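Chains as they are written, first to last, in numbering that gives the first Met the number 0: chain A, 0 to 234; chain B, 0 to 410; chain C, 0 to 254. Reading through the structure tokens given below for one structure.
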Amino acid sequence: MIIASNVSKNFGRLKALDNVSVTCNKGECIALIGPNGCGKTTLIKSILGMVVTDSGFITFNGQNIKRNWKYRENIGYMPQIGRYPESMTIGQVLDMMKDIRGSKDALPDEDLINSFGLKHMMAKRVRTLSGGTRQKVSAALAFLVNPDLLILDEPTAGLDPVSSEMLKEKIIAEKNKGKLVLITSHILSELDDLVSQVIFMQDGKLCFHKSILALKADTGEEKLSKAIANVMLSR
Amino acid sequence: MKKVIYISLLILLANAVFAKIIRVGKQRAVKTIQAGLVLALDGDTVLVDAGTYHEKNILIKKSISFIGVNHPVLDGDNKFEVISIRANGVLVDGFHIINTGISSIEDYAGIKVYSSRDAVIRNNILNKTFFGIYIEYGVNCLVENNTLTANSKVEQESGNGIHAWKSDSLRILGNTITGHRDGIYFEFVKNSVIWRNVSEKNLRYGLHFMFSNNDAYYCNLFRNNGAGVAVMFSKELKMVNNIFEENWGDGAYGLLLKEISDGFIENNKFYKNTSGIFMEGANRIYMDKNVFEANGWAMQIQASCADVTLVHSNFMGNTFDVGTNGSLVLNTFNNNYWDKYEGYDLNKDKLGDVPYRPVSLYSMIIQQNPPAMILFRSLMSSLLDKTEKLLPSLTPENLKDEHPLMKPLPL
Amino acid sequence: MKKIIKYVIIDILRNKIMLGYTLFLLVISLSIFNLEDNSAKGLLSLLNIILIIVPLVSLLFSAIYVYNSSEFLELLVSQPLKRKTIWLSLFSGLATSMAFAFLIGAGVPILLYEATPTGFMMLGAGLLLSVIFVAIAMLAAVMARDKAKGIGVVILLWLYFSIIFDGLVLFVLFQFADYPLENIMVGVTAFNPIDLSRILILLKMDVSALMGYTGAIFKDFFGTRLGLIVSFFVLVSWVVIPTWLSLRKFKHKDL
Chain A
0 MIIASNVSKN
10 FGRLKALDNV
20 SVTCNKGECI
30 ALIGPNGCGK
40 TTLIKSILGM
50 VVTDSGFITF
60 NGQNIKRNWK
70 YRENIGYMPQ
80 IGRYPESMTI
90 GQVLDMMKDI
100 RGSKDALPDE
110 DLINSFGLKH
120 MMAKRVRTLS
130 GGTRQKVSAA
140 LAFLVNPDLL
150 ILDEPTAGLD
160 PVSSEMLKEK
170 IIAEKNKGKL
180 VLITSHILSE
190 LDDLVSQVIF
200 MQDGKLCFHK
210 SILALKADTG
220 EEKLSKAIAN
230 VMLSR
Chain B
0 MKKVIYISLL
10 ILLANAVFAK
20 IIRVGKQRAV
30 KTIQAGLVLA
40 LDGDTVLVDA
50 GTYHEKNILI
60 KKSISFIGVN
70 HPVLDGDNKF
80 EVISIRANGV
90 LVDGFHIINT
100 GISSIEDYAG
110 IKVYSSRDAV
120 IRNNILNKTF
130 FGIYIEYGVN
140 CLVENNTLTA
150 NSKVEQESGN
160 GIHAWKSDSL
170 RILGNTITGH
180 RDGIYFEFVK
190 NSVIWRNVSE
200 KNLRYGLHFM
210 FSNNDAYYCN
220 LFRNNGAGVA
230 VMFSKELKMV
240 NNIFEENWGD
250 GAYGLLLKEI
260 SDGFIENNKF
270 YKNTSGIFME
280 GANRIYMDKN
290 VFEANGWAMQ
300 IQASCADVTL
310 VHSNFMGNTF
320 DVGTNGSLVL
330 NTFNNNYWDK
340 YEGYDLNKDK
350 LGDVPYRPVS
360 LYSMIIQQNP
370 PAMILFRSLM
380 SSLLDKTEKL
390 LPSLTPENLK
400 DEHPLMKPLP
410 L
Chain C
0 MKKIIKYVII
10 DILRNKIMLG
20 YTLFLLVISL
30 SIFNLEDNSA
40 KGLLSLLNII
50 LIIVPLVSLL
60 FSAIYVYNSS
70 EFLELLVSQP
80 LKRKTIWLSL
90 FSGLATSMAF
100 AFLIGAGVPI
110 LLYEATPTGF
120 MMLGAGLLLS
130 VIFVAIAMLA
140 AVMARDKAKG
150 IGVVILLWLY
160 FSIIFDGLVL
170 FVLFQFADYP
180 LENIMVGVTA
190 FNPIDLSRIL
200 ILLKMDVSAL
210 MGYTGAIFKD
220 FFGTRLGLIV
230 SFFVLVSWVV
240 IPTWLSLRKF
250 KHKDL
């Protein structure tokens, strides 16, 4: 579904992405893992077209994404920190998003809106929201239009355990529908039962891209967190 | 001796009683004006029917009344002076005079008075004349209710509307003059009065005085003339109740006073002129109850002026109130209303408690450097003006109205 | 595109600063017209507001708004929308709101009290200046990533257009006083939209003074139909060029 070939991006002297090539297919849930500043977010933003890459190319369903915008109709994105026009209410933000996306296939997916109980908070203004509620709104927005690709940047940060579980269930459900899910997270333990593949990045380079089973077999660890720690130590 | 007087009285009386009327017209026995004039004697009346007459120069050498009925047209065929008066007490009334000759040597006129007394020129229409009505060495002549129109394009090829030279005791009343070089021109004319004329759209000046003393002009309207009204090298003039408006252009003034002394300027209105009044070398001028409104400069007083007194006038909506080129000021401003005055009146005597300085710094800058006009009313120029108001340094220190009025006068 | 403009406008209209600006203009213009017994003086005060306050508020508000909505822009960029659409929508939203605030705050009083050629020229100039300085602010905001720096730049730009530029022109005028600079000055005004607007208004307001001296040259150019059309296009290009530049920059900007 996504093919990145030799993608590089520099911010001044910093090499945020260094010759990264990666292929992601449907029906997978892929964790993007790496130390802070390793280029995870830059990679995500490159896929979203928010960062313009210096060299290499990225294709989405076989189309080069450069100077293209239509492909984003198939992407749901949950940013690390969701910020919306402060004076709008939750309801207005949701309506606006539905309005902008004008979802091609019939009904919007409001599962998360229901399970997070956002229905009762529709009239609240964005500026009054707590960090957790903002995350809920961001998550609900990402899933709203039923996209084929979900990109979730630190999805569970700031969420209470209950909501966090709900979100995970939703992610698994979507994966099982044959969608591709890209997740970055620092809380590796959360990813255990969620992800099917791991991409590990360091200093803008892609270190490895393995299925979780292969990773556990290679390191001989049961837990993802242990396995990663093992990898990091051994390098 | 007594006999002689009786006889001469009798002759005079006979003349009056037996003065005849000679009628001229296509249907009459006398077909041409020239023929009619030959028949006429002093005191007779030549009455001309309507129609068009091409009679070259009509020379009147007898004291007759020459009257047109329904404005007969006298055509000069672009070659001749139409009527020349060389006798005392001639009346010219009711003609339509067109197409005088145009010459750079001769001053051809529609009607010209040569060294005569008591001429009356009345109710005529003059079109496309070089000079309109021309009086030289005239005494006690009356020019009344004539309409003069020319459509000159360049000054060299145009003459003045009413032109008077070396004359005395003229009365110029109720004429309308358009499209000439100068509307009314006086040179060496004294003891004369100009009253209720309209002079507009003339190439140069609406009214032009040169070396003419002891004259007065009242209740005239001077509008949209090339350079407004000029009064130069003259003394003892009275200018009252006139309106000067819309005289626009570089070097255009509502009223230009140059080398004038002992003038009296009262109750005039200056409206929408580039400069309301421009004074150069003016002495002992008393100005009272004038209105200056919406002019570029209400007044420009060059440093060569002295003893100019300006009181009880209204200054409203002028871009600049007063402009000057020097720092020495020997003139008096008092009790005027200035709409730009920002002072206060604590003792409620209707006079401002702090003096008003009508010369702004930026107007001085523009005098020195005209293109700086492009920055006028910018933040830059306002700041310059404000600082100058606080710490006067460049504007003349004693050019000020000590007791400005708080409210405009009802003028 | 319409949808996003709609959301930007709705967002700005809820903004208290915008409301305050509109009320400020309204109160000032109404009091100017009501308190001054002489309309020429009132117009003069209004001229200063149009030439000083309008550009300043337009610049500051737009720049701050662009910086404050950077996350919102990020969100929009991640959606299936063209960057061009997003940026132009933001511009249109800001421009419409600023122009609308001016129209209500100053335009209505002008139409009520001073429906003269001078008034109409002021109205037109105020509207154009509102939009021009939105475009300039957006260019500054897209060039400078840092908010504090961006706002500093915007204030410097305002100082430049309202006073430094004029100071330089005055300096040049006096340095080269012996040369005929009148025609060059006509051209120079094209480089400052505030000056150009001011001269267009002056031609209505101080027409008597402008008929004399050098004024006649300005009058001969700006006073004609051709001059008016040229001036209008120059002002419009003050909207188009900064917007085009900022759009080019925004298209390649990393968010």
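Where is the CB? At the ideal position from N, CA and C, for every residue including glycine. Remember, it's a predicted structure, so these values are computed and weren't measured experimentally.
In this structure, does DSSP put residue i in helix, strand or coil?
| i | result |
| --- | --- |
| Phe79 of chain B | coil |
| Glu220 of chain A | coil |
| Met121 of chain A | coil |
| Trp68 of chain A | coil |
| Tyr20 of chain C | helix |
| Ala114 of chain C | coil |
| Asp10 of chain C | helix |
| Ala147 of chain C | helix |
| Met405 of chain B | coil |
| Phe210 of chain B | coil |
| Ala124 of chain C | helix |
| Gln301 of chain B | coil |
| Leu40 of chain B | coil |
Could you say which of the options lies nearest to residue i if we only look at CA atoms?
| i | options | result |
| --- | --- | --- |
| Ser377 of chain B | C:Lys2, C:Leu172, C:Asn47, C:Thr188 | C:Asn47 |
| Ser230 of chain C | C:Thr84, C:Leu195, C:Val65 | C:Leu195 |
| Val153 of chain B | B:Ser103, B:Tyr184, B:Ser191 | B:Ser103 |
| Thr99 of chain B | B:Lys55, B:Thr177, B:Lys165 | B:Lys55 |
| Asn67 of chain A | C:Val76, C:Asn182, C:Thr117 | C:Val76 |
| Trp86 of chain C | C:Glu181, C:Ile3, C:Asp219 | C:Ile3 |
| Leu149 of chain A | A:Leu187, A:Leu140, A:Cys206 | A:Leu140 |
| Gly130 of chain A | A:His119, A:Ser114, A:Asp110, A:Glu153 | A:Glu153 |
| Val307 of chain B | B:Glu258, B:Tyr336, B:Asn346, B:Ala18 | B:Glu258 |
| Ala163 of chain B | B:Tyr136, B:Glu265, B:Asp76, B:Leu254 | B:Tyr136 |
| Ile163 of chain C | C:Phe190, C:Leu74, C:Lys146 | C:Phe190 |
Within the 9 angstroms Cβ cut-off, does residue i reach chain A?
| i | result |
| --- | --- |
| Arg82 of chain C | yes |
| Lys248 of chain C | no |
Any Cβ of chain C within less than 9 angstroms of the Cβ of residue i?
| i | result |
| --- | --- |
| Ala371 of chain B | yes |
| Ser129 of chain A | no |
| Phe59 of chain A | no |
| Ala293 of chain B | yes |
| Lys135 of chain A | no |
| Lys69 of chain A | yes |
| Pro78 of chain A | yes |
| Ile99 of chain A | yes |
| Glu85 of chain A | yes |
| Leu47 of chain A | yes |
| Lys14 of chain A | no |
Roughly how many whole angstroms lie between the Cα atoms of residue i and residue j?
| i | j | result |
| --- | --- | --- |
| Met238 of chain B | Asp287 of chain B | 11 angstroms |
| Asn313 of chain B | Ser326 of chain B | 24 angstroms |
| Glu244 of chain B | Asn317 of chain B | 13 angstroms |
| Ala251 of chain B | Lys200 of chain B | 12 angstroms |
| Ala98 of chain C | Ser129 of chain C | 6 angstroms |
| Ile29 of chain A | Val56 of chain C | 48 angstroms |
| Val81 of chain B | Arg197 of chain C | 54 angstroms |
| Ile84 of chain B | Lys111 of chain B | 6 angstroms |
| Ile186 of chain A | Asp159 of chain A | 14 angstroms |
| Gly55 of chain A | Leu254 of chain C | 19 angstroms |
| Gly67 of chain B | Ile124 of chain B | 11 angstroms |
| Val233 of chain C | Ile200 of chain C | 15 angstroms |
| Pro78 of chain A | Leu155 of chain C | 35 angstroms |
Any Cβ of chain B within less than 9 angstroms of the Cβ of residue i?
| i | result |
| --- | --- |
| Val141 of chain C | no |
| Thr223 of chain C | no |
| Ile162 of chain C | yes |
| Thr188 of chain C | yes |
Applying a beta-carbon distance threshold of less than 7 angstroms, which residues of chain F neighbour residue i?
| i | result |
| --- | --- |
| Arg376 of chain B | The displayed structure is made up of protein chains A, B and C, and chain F is not among them. |
Based on the DSSP output, what are the partners of residue i in its beta bridges?
| i | result |
| --- | --- |
| Met165 of chain A | According to DSSP, which records beta bridges pairwise, Met165 of chain A is partnered with nothing at all. |
| Val239 of chain C | In the DSSP output, where bridge partners are listed per residue, Val239 of chain C has none listed. |
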